[in-house]
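Participant: I have a structure I would like to understand better, so I am pasting it below and will then ask my questions one at a time.
Here's what the structure looks like:
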């Protein structure tokens, strides 16, 4: 055919030079344009077919086997049946060109699909599931939401475009070759997702660990505050640790809804697992996650150490205020202790405010503004509690002074009406006088308390101010009352002492009178006969301080019956006088005055005891000689009658 084309081309040159062309050549030359077109068309079909076959691998040729067979059926007549000297229809050639063009389109689409899948895989590899802009600090909830949104969006944008790309491939009647092809694409996509997850985890690791020696940049913010009197982080360390330790699981969870290609194209799985299971078991991902966990552990230890820096202020919020104030009040500390403690909490508050409000701890930013505010509030509460205690105890001390003055003024100014009351009033007055210096020591203490209250600007009621101003005047009146009470007690002592001395003198005179009367009129003479004399029980003695008239206890109401009754009554009278003497000695002892025992009463008691012994002997003799002496008794009675008459 090529030789014919050469002959036709030379014939054209001959014709142009007006040379005669041989007849046998003219027949071909006249058909040269048609032959040329047919040749070029056939050549184009051959080239297209060869290009298609050359562009396909052995596996791909099997994949496109049906299309190639269809093209072969169309081209085979031109290869084996038709000749160049026969008329080759343009329709046949155009149909061959169309078949090869269609096959080329399929091949190109297939190639483009493969390239598109590779491009998508490259995008998946280059696009991490986690993207955290540098220089931005996130709250934990915002960061968690951002990571979930970004991971879901990236995977959702790229993976759905894989299936439509592969559906252009001729999947019918391909059998195992088509299955292997889908598995190959599926594995390619799986590796892309693995690389994506690894790079995403590596991003988190780089953020947590930092680059170089500068350390990590903070990207999570949390606050430290007081909750139920305990240091608490918000969000808690456990929440941050849970989020960081579950980064891989979060990526796995985001891949859970994505099916594999073999599920989409309904081909056998051949032991392929889901994407999320493959990522979960990937050794490299597990290794990176373990490194992330170590960074979180390091951060946790640093956070704990940071929290310990606030232990210097722990007593401010950790101590039970009610229990402390109760013990503090029982100790009754001096005013200087109140002032130092109240001032100390002011210093603590200043020290707290001087602490950094925001601290950088590894990859965290800790905001302690709320904690500082809470500690300062506790300091203010401590100051308020202590100043209130100081105010209340000051008011109590003033109340005690006022109550002390009121009660003791009434007691000490009461005039004693009996010697017993005088005995009670004298030591009471002495005790109160002794207590004056001790009580006066309280006044400077109260003044110091008011100075401290004024220093810390504690609001004091008008009533309390007035009581404080009038306290000294009230005390001066009390001291004046003590002086007046001393004068009153001195007068009362003189009055009672004089009365007791007069009573003692009267008792002395009475004892002397009784003794003289006893010796003068006692039952000593023969005129007194036992059982014939009667003591006048109705006789009375009159004290000298009441009346100067004395009546003999032996001579009043003369009705004599029995001498023994006389002695018994005398003994009873002596006992009463002794009791009176003892009482006078005891009462005069109050005034440091001692009186000797009455000698007259001692003589009477001794004489009375001797008479008792004699009377006992006389009674025995009388019983023995009663009958023998009747006449003598009659004579004695006559003598007694004569004596009585005289």
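Numbering (this note's numbering), first residue to last: 470 to 1115.
A virtual CB, placed ideally from N, CA and C, is assigned to each residue, including glycine.
Since we're looking at a predicted model, the values are computed, not measured.
Looking at the unbroken alpha helix (DSSP H) that takes in residue 784, where does it start and where does it end?
Facilitator: The residue you call residue 784 lines up with position 315 of the chain shown. First-last of the alpha helix (DSSP H) with residue 784: 783-787.
Participant: What are the uninterrupted segments assigned as alpha helix (DSSP H) that are 4 or more residues long and contained completely in the stretch 877-921, given in chain order?
Facilitator: Qualifying alpha helix (DSSP H) stretches, in chain order: 888-909.
Participant: Ends of the beta strand (DSSP E) at residue 689?
Facilitator: Mapped onto the chain shown, residue 689 falls at position 220. Element bounds for residue 689: 689-696.
Participant: Pick from 831, 845, 828, 766: whose alpha carbon is nearest that of residue 818?
Facilitator: One-based indexing of the chain shown puts residue 818 at position 349. It is 845.
Participant: Answer yes if the stretch 732-752 comes into contact with the stretch 789-798, meaning at least three C-beta pairs across the two stretches below 8 Å, and no otherwise.
Facilitator: Cβ pair count under 8 Å is below three, so no.
Participant: How would you label residue 1141, buried or exposed, when you count the other beta carbons within 10 angstroms and need 16 or more for buried?
Facilitator: The chain is shown from 470 up to 1115; residue 1141 falls before or after that span and cannot be answered.
Participant: Does DSSP put residue 927 in a helix, in a strand, or in coil?
Facilitator: On the chain shown, position 458 is the one that residue 927 refers to. Correct three-state label for residue 927: coil.
Participant: With a 10 Å radius around its C-beta and 16 neighbouring C-beta atoms as the bar for buried, classify residue 729 as buried or exposed.
Facilitator: Locating residue 729 in the chain shown gives position 260, where the first residue counts as 1. Per the 10 Å Cβ criterion, buried.
Participant: Given a threshold of 16 other Cβ atoms within 10 Å of its Cβ, counted over all protein chains shown, does residue 670 qualify as buried or as exposed?
Facilitator: For the purposes of this step, residue 670 is taken as the residue at position 201 of the chain shown. That one is buried.
Participant: Who are the Cβ neighbours of residue 748 in its own chain at under 7 Å, not counting the five residues just before and after it?
Facilitator: If you number the chain shown from 1, residue 748 lands on position 279. The residues are 662, 663, 666, 720, 721, 724, 754.
Participant: Using only CA atoms, which one of 701, 962, 833, 779 lies nearest to residue 764?
Facilitator: The residue labelled residue 764 in the question sits at position 295 within the chain shown. It is 833.
Participant: Go ahead and pull the three-state DSSP assignment for residue 806.
Facilitator: Along the chain shown, read from residue 1 onward, the residue named residue 806 stands at position 337. Three-state result, residue 806: helix.
Participant: Count the CB pairs spanning the stretch 822-831 and the stretch 853-868 that are closer than 8 Å, and state whether there are at least three.
Facilitator: The stretch 822-831 is not in contact with the stretch 853-868.
Participant: Check whether the stretch 599-607 and the stretch 576-587 touch, using three or more Cβ-Cβ pairs below 8 Å as the test.
Facilitator: No, the stretch 599-607 is not in contact with the stretch 576-587.
Participant: Could you give the distance in angstroms between the alpha-carbon of residue 1002 and the alpha-carbon of residue 1034?
Facilitator: As a position in the chain shown, residue 1002 is number 533, starting the count at 1. As a position in the chain shown, residue 1034 is number 565, starting the count at 1. The predicted position of residue 1002 is uncertain, since its pLDDT is 38 and thus under 50; a value taken from the coordinates is nonetheless stated next. If you take the alpha carbons of residue 1002 and residue 1034, they lie about 8 Å apart.
Participant: Considering Cα atoms alone, identify which of 948, 790, 927 is closest to residue 903.
Facilitator: Within the chain shown, numbered from 1, the residue matching residue 903 stands at position 434. If we check each option's Cα against that of residue 903, 948 comes out closest.
Participant: Where does residue 772 fall in DSSP's three states?
Facilitator: Residue 772 sits at position 303 when you count from the first residue of the chain shown. Looking at residue 772 - three-state DSSP - the assignment turns out to be helix.
Participant: Given this structure, state the Cα-to-Cα distance separating residue 809 from residue 718, to the nearest angstrom.
Facilitator: On the chain shown, position 340 is the one that residue 809 refers to. On the chain shown, position 249 is the one that residue 718 refers to. Residue 809 and residue 718: Cα-Cα distance of roughly 57 Å.
Participant: Indicate whether residue 762 and residue 813 have their beta-carbon atoms separated by less than 7 Å.
Facilitator: Here residue 762 refers to the residue found at position 293 of the chain shown. Here residue 813 refers to the residue found at position 344 of the chain shown. For residue 762 and residue 813, no; Cβs fall outside 7 Å.
Participant: Find the nearest neighbour of residue 686 within the set 678, 692, 693, judged by alpha-carbon distance.
Facilitator: For this step, residue 686 is matched to residue 217 along the chain shown. It is 678.
Participant: Check the DSSP bridge columns for residue 608 and list the partner residues they point to.
Facilitator: Start at 1 with the first residue of the chain shown, and residue 608 comes out as number 139. Looking at the DSSP assignment, residue 608 forms a beta bridge with 690.
Participant: Taking the beta strand (DSSP E) that residue 836 belongs to, which residues open and close that run?
Facilitator: For the purposes of this step, residue 836 is taken as the residue at position 367 of the chain shown. Taken as a continuous stretch (DSSP letters only), the beta strand (DSSP E) holding residue 836 covers 833-836.
Participant: Which residues does DSSP list as the beta-bridge partners of residue 701?
Facilitator: What you label residue 701 is simply residue 232 of the chain shown in a count that begins at 1. For residue 701, which the question treats as bridged, DSSP gives the partners 694.
Participant: Between residue 572 and chain C, is the shortest Cβ-Cβ distance under 7 Å, so that the two count as touching?
Facilitator: The question asks about chain C, but that chain is absent: this structure has only one protein chain.
Participant: Inspect the CB distances between the stretch 773-787 and the stretch 690-701 and report whether three or more fall short of 8 Å.
Facilitator: Touching, yes.
Participant: Using alpha carbons as the reference points, say which of 961, 938, 906 lies closest to residue 916.
Facilitator: By one-based count along the chain shown, residue 916 stands at place 447. The option with the nearest alpha carbon to residue 916 is 938.
Participant: Using only CA atoms, which one of 848, 807, 820, 883 lies nearest to residue 860?
Facilitator: Locating residue 860 in the chain shown gives position 391, where the first residue counts as 1. Minimum Cα distance to residue 860 is reached at 807.
Participant: Where residue 751 and residue 757 are concerned, what is the direct C-alpha to C-alpha distance, given to the nearest angstrom?
Facilitator: Here residue 751 refers to the residue found at position 282 of the chain shown. Here residue 757 refers to the residue found at position 288 of the chain shown. Between residue 751 and residue 757, the C-alpha separation is close to 10 Å.
Participant: DSSP three-state call for residue 582: helix, strand or coil?
Facilitator: Counting from one through the chain shown, the residue named residue 582 turns up at place 113. Of the three classes helix, strand and coil, the one that applies to residue 582 here is helix, per DSSP.
Participant: Any idea if residue 935 is buried or exposed, counting beta-carbon neighbours within 10 angstroms, 16 or more meaning buried?
Facilitator: Here the question's residue 935 lines up with position 466 in the chain shown. Label assigned to residue 935: exposed.
Participant: Can you grab the Cα-Cα spacing for the pair residue 646 / residue 560, in whole Å?
Facilitator: Reading the chain shown from its first residue, position 177 is the one you call residue 646. Reading the chain shown from its first residue, position 91 is the one you call residue 560. The alpha-carbon atoms of residue 646 and residue 560 are separated by roughly 35 Å.
Participant: Where DSSP assigns a beta bridge to residue 828, which residues make up the other side?
Facilitator: Here residue 828 is taken as the residue at index 359 of the chain shown, counted from 1. Per DSSP, 835.
Participant: For the alpha helix (DSSP H) containing residue 750, name the first residue and the last one.
Facilitator: As a position in the chain shown, residue 750 is number 281, starting the count at 1. From DSSP, residue 750 is part of no alpha helix (DSSP H); its letter is neither H nor E.
Participant: Using C-beta distances below 7 Å, list every residue in its chain close to residue 847, excluding the 5 sequence neighbours before and after it, in chain order.
Facilitator: Counting from one through the chain shown, the residue named residue 847 turns up at place 378. Closer than 7 Å at the Cβ level, and outside the excluded window around residue 847, lie 785, 786.
Participant: Residue 661 lies in the alpha helix (DSSP H); which residues open and close that run?
Facilitator: As a first step, residue 661 must be located in the chain shown, where it is residue number 192. That run of the alpha helix (DSSP H) goes 645-678.
Participant: Applying the 10 Å Cβ sphere with the 16-neighbour rule, what's the burial state of residue 841?
Facilitator: The sequence position of residue 841 within the chain shown is 372, counting from 1. When all chains shown are included, residue 841 counts as buried.
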